[in-house]
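Encoded as structure tokens, the structure appears first; notes follow it.
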Amino acid sequence: AAPITVEHVGKVYPDGTVAVGDLSLEVRAGELAVLIGPSGCGKSTVLRMLNRLVEPSKGRILLDGQDIAERDPVELRRRIGYVIQDVGLFPHQTIRTNVGTVPRLRGADRKQIRARADELLEMVGLDPARHGDRYPHELSGGQRQRVGVARALAADPVVLLMDEPFSAVDPIVRGRLQEEFLRLQAAVRKTIVLVTHDIDEAVRLGDRIAVLAEGGRLLQYAPPAEVLSAP
Ligand code: ADP
Ligand code: ADP
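Be aware that the sequence shown starts at 14, since it is given in UniProt numbering, and climbs by one per residue.
Structure follows, in structure tokens:
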């Protein structure tokens, strides 16, 4: 089974807003799928349905062939990495402690957590000796974003969900983060769903791009070259 299967999923919020009408798509193993579309077209809603932060009003979502509605949401979220725009690091915890959050919840021992955190910090291009004991406000925006990626990977996720992960930093830093992220992805090959409204980012990072319109209507779902050559 594909790691992610979305079958005729819709979401109507309690106030009657139809955020997503009827969406179906699959994400293959190791694929980076980008959701792109104008503001308000339902991208974040789709992403949040994938980790049960939002419950679909209809349809179903399968993770590794299993309906996520049948899984415990807390356990599910520990299996799914989630990276958001301003990262949401715990401000009163060091970088190393932030990265170790999920392993700690799983009861790993301190030495293991530290070793794993340091390994991940290196993977995202941070120096554990220099940055590990700092607090989030002592890092730049781009560095915090890297910590967010490291923390998501620390959960050893089956799937990584990323909502505008690089948009809070300036364009030069963004370009560098994207390059680094591509190298990291080539090494770890996670199944990723990434939301953006930036077509350059979509083309640069995506294996396939899902172009959405109002109400989560899927206009196209294809590799970047095909999306660019569409009339
Ligand atoms: P995008 O991520 O593409 O900007 P969203 O998924 O955030 O789109 O929103 C899709 C639509 O659903 C928008 O019209 C938005 O205003 C609406 N929406 C999002 N969250 C809620 C909510 N909690 N309650 C009501 N409407 C919402
Ligand atoms: P722990 O890994 O500490 O046992 P979890 O609740 O995360 O705690 O994992 C429960 C089981 O699922 C373990 O056998 C673990 O190895 C396995 N597991 C955890 N994450 C993944 C993953 N991303 N892919 C496959 N199996 C996983």
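The beta-carbon is built from N, C-alpha and C at its ideal position, and this holds for glycine as well.
Since we're looking at a predicted model, the values are computed, not measured.
Whole-angstrom distance between residue j and residue i, CA atom to CA atom
i          : j    : result
A238       : I222 : 10 Å
L63        : D169 : 17 Å
V171       : I17  : 10 Å
G94        : L60  : 11 Å
R196       : G29  : 42 Å
S180       : P69  : 27 Å
E227       : Q98  : 22 Å
A130       : L89  : 21 Å
R92        : P178 : 19 Å
V33        : D122 : 43 Å
H105       : T204 : 31 Å
E192       : C54  : 27 Å
Q79        : R230 : 24 Å
Y26        : V40  : 25 Å
L76        : Q198 : 20 Å
L45        : Y234 : 12 Å
residue 13 : F103 : Outside the displayed span of the chain (14 to 244) sits residue 13, for which this structure offers no information.
V31        : A14  : 29 Å
L125       : F194 : Contrary to the premise, residue 125 reads as Gln rather than Leu in this sequence. Spanning the two alpha carbons is a distance of roughly 25 Å.
E132       : E214 : 27 Å
R157       : K24  : 32 Å
A143       : P236 : Reading off the sequence, residue 143 comes out as Arg, not Ala. Those two C-alpha atoms are separated by around 39 Å.
A243       : L232 : 11 Å
G155       : L134 : 13 Å
Paired residues, beta bridge with residue i - DSSP
i    : result
L118 : According to DSSP, which records beta bridges pairwise, L118 is partnered with nothing at all.
V216 : The partner list for V216 (beta bridge, DSSP) is empty, contrary to what the question assumes.
E39  : T18
Y95  : L174
I205 : L45 and L173
L231 : L225
V25  : V31
Residue i vs residue j beta-carbon contact at 9 Å
i    : j    : result
G161 : V87  : no
R217 : G43  : no
H210 : S52  : yes
L225 : L48  : yes
L38  : V19  : yes
V182 : L174 : no
R127 : R109 : yes
R117 : V137 : no
S153 : V112 : no
G188 : L207 : no
T107 : R164 : no
V22  : K56  : no
V96  : D35  : no
beta-carbon residue i near ligand 3 non-hydrogen atom, thresh 8 Å
i   : result
G72 : Ligands displayed in this structure: ligand 1 and ligand 2; ligand 3 is not among them.
Below-9 Å beta-carbon distance, residue i vs any chain C residue
i    : result
Q198 : Although the question refers to chain C, the structure presented lacks it and comprises just one protein chain.
### Message
Runs of 4 residues minimum, wholly inside the stretch 121 to 194: which ones carry the alpha helix (DSSP H) assignment?
### Response
Those alpha helix (DSSP H) runs which fall completely within the stretch 121 to 194 and span 4+ residues are 123 to 136, 141 to 144 and 154 to 167.
#### Entry: Runs of alpha helix (DSSP H) lying entirely within the stretch 51 to 86, each at least 4 residues, in chain order
Qualifying alpha helix (DSSP H) stretches, in chain order: 56 to 63.
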